[in-house]
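Residues in the sequence shown are numbered consecutively from 233, following the numbering used here. Heads up, the beta-carbon is just placed ideally off N, CA and C, and yes, glycines get one too.
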Amino acid sequence: MANLKTIRDRIKSVKNTKKITEAMRLVAAAKVRRAQEQVTATRPFADRLAEVLYGLAERLQFENLDSPLLKKREVRCVGLLVVSGDRGLCGGYNGNIIKRAETRAKEIKAEGLDYKYILVGRKAVQYFQRREQPIDATYTNLEQIPTAPEAAGIADELLSLFLSGTVDRVELIYTKFVSLISSRPVIQTLLPLDPQGLEVQDDEIFRLTTKGGQFEVSREKVSKPTKSLPRDMIFEQDPAQILDALLPLYLNNQLLRALQESAASELA
């Protein structure tokens with residue numbers, strides 16, 4: 233009888249745990265949906281910005297662009313922007329991104345170059361501070377669904393480091409959202425910007441749906457506009473000056489998108 237009671241207690245405990253995890257799953261699903269809505273809401277601005285930048289880059293493709301954000305120079309120090317989370321209980325999310333950042337730092341060091349960390353998220357900050365790694369700036373307690381002002385604040389720091397010559401290249405290490413059960417750490421060069429990279433490839437947005445009572449994520453391919461600006465368009469300012477003014481906005485948009493993807497990966 234004692235054994236039967238133990239089994240019943242264990243079954244009851246498992247059922248209670250299932251209720252708790254189901255509630256956590258529903259809360260996380262709602263937050264993932266909010267992240268999805270955030271991506272969709274920012275898309276019109278991002279699309280129009282990409283269209284204008286594409287047109288300007290096409291118009292200026294045979295000119296010698298003198299923008300400091302486009303200039304490639306001899307690399308002596310690389311800034312590594314690492315995006316992690318503030319909390320645990322998210323599987324291998326934090327561990328994978330930290331491991332990828334460490335691997336990249338070792339590769340840079342093997343090339344005889346210096347590096348500095350710019351860290352987003354308490355987990356990365358704690359990890360690299362304990363190991364006395366070179367850290368230039370830290371950002372913690374961001375909104376669970378990243379906002380444009382938060383991305384702009386980080387982008388301003390990156391621009392300051394790059395334009396002052398403190399770092400000669402900025403690489404972004406973040407987690408790309410693939411599905412509710414899959415994500416992967418990726419590296420993207422943020423600075424200097426590549427003028428050819430303004431011809432943006434088709435993008436994707438993820439949509440949280442239900443099927444058979446289970447949550448799943450579908451990815452939708454979205455074609456970015458690549459319309460040319462009218463050849464007879466007259467600019468009051470020099471097109472190169474307009475390009476200089478728009479490039480920081482483009483950087484902000486790239487960073488915001490990466491923060492949103494990372495947040496969705498953490499919540500999933």
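**Asked** Just to confirm, are residue 494 and residue 371 a CB contact at a threshold of 9 Å?
**Response** One-based indexing of the sequence shown puts residue 494 at position 262. One-based indexing of the sequence shown puts residue 371 at position 139. Taking 9 Å as the Cβ cut-off, residue 494 and residue 371 do not qualify as a contacting pair.
**Prompt:** Going straight from the alpha carbon of residue 356 to that of residue 475, what length do you get?
**Reply:** On the sequence shown, residue 356 is found 124 positions in, with the first residue counted as 1. On the sequence shown, residue 475 is found 243 positions in, with the first residue counted as 1. Each residue's alpha carbon lies about 34 Å from the other.
**Request:** On a CA-only basis, which of 490, 274 and 284 is nearest residue 408? Give me that one, please.
**Result:** The sequence position of residue 408 within the sequence shown is 176, counting from 1. Closest option to residue 408, Cα to Cα, is 490.
**Prompt:** When the Cα atoms are used, what is the spatial distance from residue 424 to residue 483?
**Reply:** Here residue 424 corresponds to residue number 192 of the sequence shown, with the count starting at 1. Here residue 483 corresponds to residue number 251 of the sequence shown, with the count starting at 1. Whole-angstrom Cα-Cα distance: 10 Å.
**Of the residues 387, 311, 263 and 341, the one placed nearest residue 487, counting alpha carbons only** = Position 255 of the sequence shown, counted from the start, is the residue given in the question as residue 487. The candidate whose alpha carbon is nearest that of residue 487 is 387.
**Message:** Quick check on residue 311: does DSSP put it in helix, strand or coil?
**Reply:** Here the question's residue 311 lines up with position 79 in the sequence shown. Residue state, collapsed to three classes: strand.
**Request:** May I ask you to list the residues that DSSP assigns as paired with residue 402?
**Result:** In the sequence shown, residue 402 corresponds to position 170, counting from 1. Paired residues: 311 and 423.
**Prompt:** Between residue 310 and residue 418, is the Cβ-Cβ spacing less than 9 Å?
**Reply:** Position 78 of the sequence shown, counting from 1, holds the residue named residue 310. Position 186 of the sequence shown, counting from 1, holds the residue named residue 418. Contact flag unset, no.
**Prompt:** Buried or exposed: residue 258, going by 16 or more other Cβ atoms within 10 Å of its Cβ?
**Reply:** For the purposes of this step, residue 258 is taken as residue 26 along the sequence shown, with counting starting at 1. It is exposed - the Cβ of residue 258 has fewer than 16 other Cβ atoms within 10 Å.
**For residue 497, the three-state DSSP class (helix, strand or coil)** = On the sequence shown, residue 497 is found 265 positions in, with the first residue counted as 1. Residue 497 falls in the helix class under three-state DSSP.
**Prompt:** With DSSP run on the structure shown, which of helix, strand or coil describes residue 247?
**Reply:** By 1-based counting over the sequence shown, the position of residue 247 is 15. Here residue 247 sits in helix by DSSP.
**Message:** Less than 9 Å between the C-beta atoms of residue 349 and residue 337, yes or no?
**Reply:** Stepping through the sequence shown from its first residue, residue 349 is reached at position 117. Stepping through the sequence shown from its first residue, residue 337 is reached at position 105. Result yes, Cβ atoms of residue 349 and residue 337 sit closer than 9 Å.
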